[in-house]
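I have placed the structure first, in the form of structure tokens, so that the comments after it can refer back to it.
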Amino acid sequence: MIGCTLFMYIFERAEVIQMRKLLVFTDLDGTLIDRDTYEFKDASSALSTLRQRKIPVIICSSKTRAEVEMYRRRMNLPWPFVVENGAAIFIPQNFLRLKGLTFASKGEYRVIELGTPYVELCAIWEKTKKEGNFRVKGFSEMSTAEIAALTGLTTQEASLAARREYSEPFLFFDTQDRFRHLQDLFQQKGLYITRGDRFYHLTGKNDKGKAVQILKKIYADTYPDTEIWAVGLGDGSNDVPMLGCVDMPIVIRKKTGQWERIPGLGRIVYSDKPGPRGWAEEIYRILGNQDHVWS
Numbered sequence: 309m310i311g312c313t314l315f316m317y318i319f320e321r322a323e324v325i326q327m328r329k330l331l332v333f334t335d336l337d338g339t340l341i342d343r344d345t346y347e348f349k350d351a352s353s354a355l356s357t358l359r360q361r362k363i364p365v366i367i368c369s370s371k372t373r374a375e376v377e378m379y380r381r382r383m384n385l386p387w388p389f390v391v392e393n394g395a396a397i398f399i400p401q402n403f404l405r406l407k408g409l410t411f412a413s414k415g416e417y418r419v420i421e422l423g424t425p426y427v428e429l430c431a432i433w434e435k436t437k438k439e440g441n442f443r444v445k446g447f448s449e450m451s452t453a454e455i456a457a458l459t460g461l462t463t464q465e466a467s468l469a470a471r472r473e474y475s476e477p478f479l480f481f482d483t484q485d486r487f488r489h490l491q492d493l494f495q496q497k498g499l500y501i502t503r504g505d506r507f508y509h510l511t512g513k514n515d516k517g518k519a520v521q522i523l524k525k526i527y528a529d530t531y532p533d534t535e536i537w538a539v540g541l542g543d544g545s546n547d548v549p550m551l552g553c554v555d556m557p558i559v560i561r562k563k564t565g566q567w568e569r570i571p572g573l574g575r576i577v578y579s580d581k582p583g584p585r586g587w588a589e590e591i592y593r594i595l596g597n598q599d600h601v602w603s
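Using this note's numbering, the first residue of the sequence shown is number 309, and each one after it goes up by one.
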């Protein structure tokens, strides 16, 4: 009787416990790294746990490839990454199956480009800016020292931030009516403005959500017998497309004590703590869920 009861318990638990491959998609600024210091030490232990368990941590940021590569080295993350608000996906060579996807080989990566090339984007930027005589200033018009002063980055880090390939961060000094006019002009030319923490960003038709959907499919093709389950962590409005494409969207609390409010997604989790502390707490909560076995 005891053996039968034990068998039934194991059988019932087998129905509840599912083998899933967990993917962690994460923003950087204000999420995995501190908004002001750019440090991630409060998340180091959680990152180490994810690495040990071979759970992919996929950076999905507005930062450039050069910046993200720097953080990948510091964090020891071997997995794919997404740059400039979903403009390009960088996948290490001989890593994952790219089934039916167009990509370019660039050094150690296969690159899926979703954004508008920077040269083309800047040409439209200059023309549109002059058309409306808008009071704006983009990264392409700033010195490294100016970028460093605006962001709190070191001069070396600011030089990496200036190495844009698909987007133009900018400051806007005009009225809201003029801003809406600028948005309309860019949309007529196939470009869009997203709001970041410190800057607006001019991009093509890309966003973080489109990149996440592609990566989820790539992982599903690579692991056809395993259910893919994605977590997304972010703190800003440009993270909304990413959070809308994952199984568990997590909004990280800002240092102000507030959260980015995201209408239309009822299943959102809001972290109690800000930045990397909140990030780590939510990761440990997910890993501690006894109803799943993560692979």
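For each residue, glycine too, the CB sits at the ideal point set by N, CA and C. Here the structure is a predicted model, which means the values were calculated and not measured.
**Prompt:** Near I304, which residues of its chain fall below 7 Å by C-beta distance, leaving aside the five closest residues on each side in sequence?
**Reply:** Residue 304 is absent from the structure shown; the chain starts at 309 and stops at 603.
**Asked** DSSP state of A395, grouped into three classes?
**Response** In the sequence shown, residue 395 corresponds to position 87, counting from 1. Reduced to three states, the DSSP call for A395 is coil.
**Message:** Here's a check: name, in chain order, each residue in its chain whose Cβ is nearer than 8 Å to the Cβ of T410, leaving out the five neighbours to either side.
**Reply:** Taking the first residue of the sequence shown as 1, we reach residue 410 at position 102. I420.
**Asked** What does DSSP give as the partner residues of E421 in its beta bridges?
**Response** Residue mapping note: residue 421 aligns to position 113 of the sequence shown, counting from 1. E421 pairs with A396.
**Asked** Who are the near neighbours of G586 in its chain, counting only those whose CB is closer than 7 Å to its CB and skipping five residues on each side?
**Response** Taking the sequence shown and counting its residues from 1, one reaches residue 586 at position 278. Around G586: I560, R561, S579, D580.
**Asked** What first and last residue would you give for the beta strand (DSSP E) that runs through D580?
**Response** As a first step, residue 580 must be located in the sequence shown, where it is residue number 272. Its beta strand (DSSP E) spans residues 577 to 582.
**Request:** Report the three-state DSSP secondary structure of A431 (helix, strand or coil).
**Result:** Translated into the one-based positions of the sequence shown, residue 431 becomes position 123. Helix at A431.
**Item:** Nearest neighbour of G498, chosen from L429, K563, T564, R472 [CA to CA]
**Value:** Residue numbering aside, residue 498 sits at position 190 when the sequence shown is read from its first letter. For G498, the nearest C-alpha among the options comes from L429.
**Prompt:** Hey, quick one: how far does the alpha helix (DSSP H) through S413 stretch, first residue to last?
**Reply:** Here residue 413 corresponds to residue number 105 of the sequence shown, with the count starting at 1. S413 -> not in any alpha helix (DSSP H); beta strand (DSSP E) instead, spanning 412 to 414.
**Request:** Tell me whether M450 sits in a helix, a strand or coil according to DSSP, three-state version.
**Result:** Within the sequence shown, the letter at position 142 stands for residue 450. Note: M450 maps to coil in three-state DSSP.
**Message:** By the DSSP assignment, the beta strand (DSSP E) with S476 in it spans what residues?
**Reply:** Counting from one through the sequence shown, the residue named residue 476 turns up at place 168. First, the residue type needs correcting, since residue 476 is Glu and not Ser in the sequence shown. Counting along the chain, the beta strand (DSSP E) containing E476 begins and ends at 476 to 480.
**Request:** Report the residue from Y346, D344, T357 whose alpha carbon sits nearest the alpha carbon of E589.
**Result:** By one-based count along the sequence shown, residue 589 stands at place 281. Ranking the options by Cα distance to E589, first place goes to T357.
**Request:** Identify the continuous beta strand (DSSP E) that holds A538 and give its terminal residues.
**Result:** Start at 1 with the first residue of the sequence shown, and residue 538 comes out as number 230. Per DSSP, A538 belongs to the beta strand (DSSP E) from 535 to 542.
**Item:** For Y508: DSSP bridge partner residues
**Value:** Indexing the sequence shown from 1 puts residue 508 at position 200. Answer is F478, R503, bridged to Y508.
**Message:** Along the chain, where does the alpha helix (DSSP H) containing P549 start, and where does it finish?
**Reply:** Taking the first residue of the sequence shown as position 1, residue 549 is located at position 241. Its alpha helix (DSSP H) spans residues 548 to 551.
**Request:** Let me know if A431 comes out buried or exposed under the rule of 16 or more other beta-carbons within 10 Å of its beta-carbon.
**Result:** Here the question's residue 431 lines up with position 123 in the sequence shown. So A431 ends up on the exposed side.
**Asked** So what does C337 bridge to, in DSSP terms?
**Response** The residue you call residue 337 lines up with position 29 of the sequence shown. The question names Cys, but residue 337 is Asp in the sequence shown. Answer by DSSP bridge pairing, in chain order: I341.
**Prompt:** Which residue's Cα is closest to the Cα of M383: R361, Y417, F348?
**Reply:** Counting from 1 along the sequence shown, the entry for residue 383 is found at position 75. Comparing Cα positions, the closest option is F348.
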